[in-house]
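Step one of this worksheet: look at the structure below.
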Amino acid sequence: MDFKQYRGKNILAWLSYNANYEDPYGGVNRVCYVYPRVLMKGADYDLVDPADFPTLGRIEVRIQGGDSAEDVYSDFGSLVNIRINGDPYLNYDGKNMYSLKYNPQYGRASSEIWIETFSGKGFYQIIDVNSSIDQLRSERSISEPDHMVRTTLILLRYEGKLYGPFEYDTKEGTMILLGVKDYQYSIGEYNAMTYNDDLLVIEDQDGEEAVILIPKTSIPTPEECSVRYDWISEKTLIDSFIDSLRVENSYTREQVRQLKDTVQQLIESGDNVQFTEERIAKIQELLQGIEQKESCVKSIVQYALTDNNMKQSLAEEVANNYFDQIQNKVIEISSVQKHVDELKIQEAALQKNIAALQESDKATKEAESEEDSQKVSELTQELESLRAENKTLSEKVDLREEIDKLISERDQLKSDRDKAKDSYNQQLIDNNELQKQFDSTLKAFNDRATQTARILDSKLLDKILRGIGDEPTVEVPVPFDGALLHKESMDYANIIGRVTDFIHNKAHRDATPNDVANYLICITQGFITTFAGEPGTGKTSLCNILAKALGLATNAPQKRFVDISVERGWSSHKDFIGYYNPLSKKMERSNGEVFDAFELMDSEYGCDSSKIAPFIILLDEANLSPIEHYWAAFLRNCDFTSVSNRSIPLGGVKSFKLPEHLRFLATVNFDHTAEELSPRFLDRSWVIMLEPTRIDDGVEEEIDNVEDMVSFGDMRDAFSVAEDDVIDEVIQDKWNAIQKVFRDHSLQIMPRNQKMVKNYCAVGCRCMERDTPATKYAPLDYAFSQKILPTINGNGENYRLLIEDLLKECTMQNMPISAKHLERMKRIAESNMGFYQFFSH
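First residue of the sequence shown? That's 1 in our numbering, and the numbers climb one at a time after it.
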């Protein structure tokens, strides 16, 4: 097959480099090799003939852009996808006939050869094991394979049989095997020989078998297998059972949570309750219908009564919480009824005694009543006499108090009159003095005016004097033109696809669909999103590209994107918007474009979000001044639901209301010229770290804005949490494990940050691609690295152990973004006196 036939194709290849190479001039190794193995054409896969790439079946790759061969291998691993875009440099005498340049700054379509991590999408990886299916069902795990697992789902091969597909979770040398929800947590048994022709055996640089893959389309689902096994975990089974009961019996969320917690405690208690296969089978049958549910509940209660500990707990629970409901049934039992009858006889006797005592008390009271009545009459007369006397005295006292009050007011009026008279006399003296000064000043002014009039032309003078009194022109904000919006509503897939296509084809940048989804989720869910990195990493240009992809950077007056260059010395939002001048009684504009933007948004407050586009303001080089100072008025408005009147004051009675479609972007550099970001700001902002090798201003060309705009309503519906958005179980478990690491080290993740991560993951599970090992936890990987890691700031042994424990949970295989940041923080702390922080340079 001719080399040109490989151009523009997606090729699965093996990557290697000479780890022992030493440059004679002290430089780094910038050469690696790719061995094309499989040509992927849609759903078809053809093995590549090594003879097409003489003489060793490989292409020499010369690396540009600053990376070394070790960097490329570290970033992508040994199994990669490649795309050939350019013509090779030919060398007929060497070991490698073809040589191509790889430059990550040029992007996927422009680099002569493009290299990226093998996604694993569309494949199962086959792993050979030494355990039978019975052992696997018993242990539910295998030892972690010696080679890297490169797909999200795997098949296990043992003695001519394939079993799976499995999800997995690797921890401390053990691979835990999990059922797949899409297959109802069942696994199939397959004859391995039947699928030998579909296997893709990937060889390494030495021709040795390295990875075995099989396309998913080649394998039927477990439901289609004649032999299959139930692989549902106890936790998943209990959760499904509880959810089923909730649907049937309308339990509240809190009741379901408490019930799940109780069942989980029973599972963890060990000897108290053993959930055997038979009991699990009973619970599964229970889910088939309400009659079977009632039967299963009865069986569970009968089993509980056979255990002394559970019987005692059950009795206490019934007595404390359900006695009223069963009282009528209990009294039907003869032994209990007899005891109740005896209590009733005792009650009747007591009632009789009480009646006798009441009768005796009544007779005694009648004898005393007549004498008491006479005493009461005498005391009443005496009381009336005292009341009359008291009334007379009170009137005299009130009269005296009124006289005293009038005397006091008279004295105060006399004093005020004397003061007013003195003030008036002083005012007359001051007025006379001011009149003398005024006459003198007026005379001097008239003399100067006479001289000036002789010099200046009378018409020019008139023009100047008239100009002094002119009022500034007040421009009325131009209403938003709804015709600029995209004609049809857009869901998350439409918006992500549109922005991804724009970044690739218009801006010639490298960004995955998950990267784009991350940008859009952060912008939609957060009031401000911060892009951080070293100078030259393309932060500002990326913000402009996103605005243009959304159609916001159109021409005035419909422009919905404003770029503000932050200056040193800013201390208030009035420095970049404007303020009310009490001397001139006018608004002073610090930045006309920004002032007009806020005036426009003030008029848009409360409008229909489906009929308007978002408005984005970029704070470029935001940390040249302390952002928590000049942006302080906006910090209280970051919580969309907790602040009822979202506005900023400008002085006097002037303020601007902030509509829900306003968002801020910020770019920050981390060098000695910039201010640090405060914890209060980091608590409210997403922080997206950019790297030079991913986005760089390598292409100098003007990029046109997309003609139509994405509505804010579509963005909100696509990337805000909906009622049916849920976090996948595997991501929730990983998030729980990460939170436990912080708790174990007595460090707290603030509730606001917990909520932001939870909302992000719920949407990310819906709209991100997660079909490879590196993207399995993608929503949590992005959220944790952009919301939690930036808040780490401390030193000492406790922080060292925190980073170490987090690296055990966040590995380069499952959460590569977080792992890369953690490794960087660890490396820098070693040369920074053990001080761990996210932002360092």
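Ideal Cβ positions, reconstructed from N, Cα and C, are used throughout, including at glycine.
- Annotated three-state conformation of residue 142 is strand, per DSSP.
- Residue state for residue 676 is assigned as coil, using DSSP reduced to three classes.
- Positions of the beta strand (DSSP E) runs, each at least 3 residues long and wholly inside the region 53 to 87, are given as 59 to 63, 79 to 84 in order along the chain.
- For residue 524, the enclosing alpha helix (DSSP H) starts and ends at 513 to 525.
- Residue 426 counts as exposed, since fewer than 16 other C-beta atoms from the protein chains shown sit within 10 angstroms of its C-beta.
- For residue 607, the closest alpha carbon among the candidates 534, 481, 527 is that of 481.
- A residue is called buried once 16 or more other Cβ atoms fall within 10 Å of its Cβ, and residue 515 is buried on that count.
- DSSP, read as helix, strand or coil, puts residue 714 in helix.
- When the beta-carbon positions are compared, residue 591 and residue 617 stay at least 8 angstroms from each other.
- If you look at residue 771, you'll find it isn't in any alpha helix (DSSP H); DSSP assigns it neither H nor E.
- Residue 818: member of the alpha helix (DSSP H) spanning 816 to 830, first to last residue.
- Here the C-alpha atom of residue 663 lies approximately 23 angstroms from the C-alpha atom of residue 723.
- In this model, residue 150 and residue 77 are separated by some 10 angstroms (Cα to Cα).
- Non-local C-beta neighbours of residue 721 in its own chain, meaning closer than 7 angstroms and more than five positions away in sequence, comprise 759, 762, 763, ordered along the chain.
- Beta-bridge partners of residue 578 (DSSP): 589.
- DSSP places residue 634 inside the alpha helix (DSSP H), whose first and last residues are 632 to 635.
- Note on residue 827: under 16 other CB atoms within 10 angstroms of its CB, so exposed under the neighbour-count rule.
- DSSP places residue 729 in the uninterrupted alpha helix (DSSP H) bounded by 729 to 744.
- By the Cβ-count criterion, residue 88 is buried, with 16 or more other Cβ atoms from all chains shown falling within 10 Å of its own Cβ.
- Burial is judged here by how many other beta carbons sit within 10 angstroms of a residue's own beta carbon; residue 352 has fewer than 16 and is exposed.
- Straight across, the Cα-Cα distance linking residue 394 with residue 413 is about 29 angstroms.
- In the three-state scheme derived from DSSP, where H, G and I count as helix and E and B as strand, residue 506 is classed as helix.
- When only Cα atoms are considered, residue 665 and residue 529 end up about 5 angstroms apart.
- Here residue 553 has 547, 561, 705 as same chain residues with Cβ atoms under 6 angstroms from its own Cβ, once five neighbours each way along the sequence are excluded.
- Between the region 116 to 135 and the region 87 to 101 there are fewer than three inter-stretch CB-CB distances shorter than 8 angstroms, so the stretches are not counted as touching.
- CA-to-CA, the gap between residue 35 and residue 494 works out to about 36 angstroms.
- Approximately 6 angstroms separates the beta-carbon atoms of residue 107 and residue 509; this is inside 8 angstroms, confirming the contact.
- Partner residues in a beta bridge of residue 20, as assigned by DSSP, do not exist.
- A residue is called buried when at least 16 other Cβ atoms come within 10 angstroms of its Cβ; residue 25 does not meet this threshold and is exposed.
- Distance from the CA atom of residue 132 to the CA atom of residue 158, rounded to whole angstroms, is 7 angstroms.
- Assigned with DSSP and collapsed to three states, residue 756 falls in helix.
- Rounded to whole angstroms, residue 31 and residue 818 show a C-alpha spacing of 28 angstroms.
- From the listed residues 200, 567, 12, 137, the smallest Cα separation to residue 230 is found for 137.
- For the pair residue 787 and residue 814, the CB atoms are not nearer than the 8 angstroms cut-off.
- Taking residue 58 as reference, the option from 74, 41, 82 with the minimal CA-CA separation is 82.
- Assigned with DSSP and collapsed to three states, residue 394 falls in helix.
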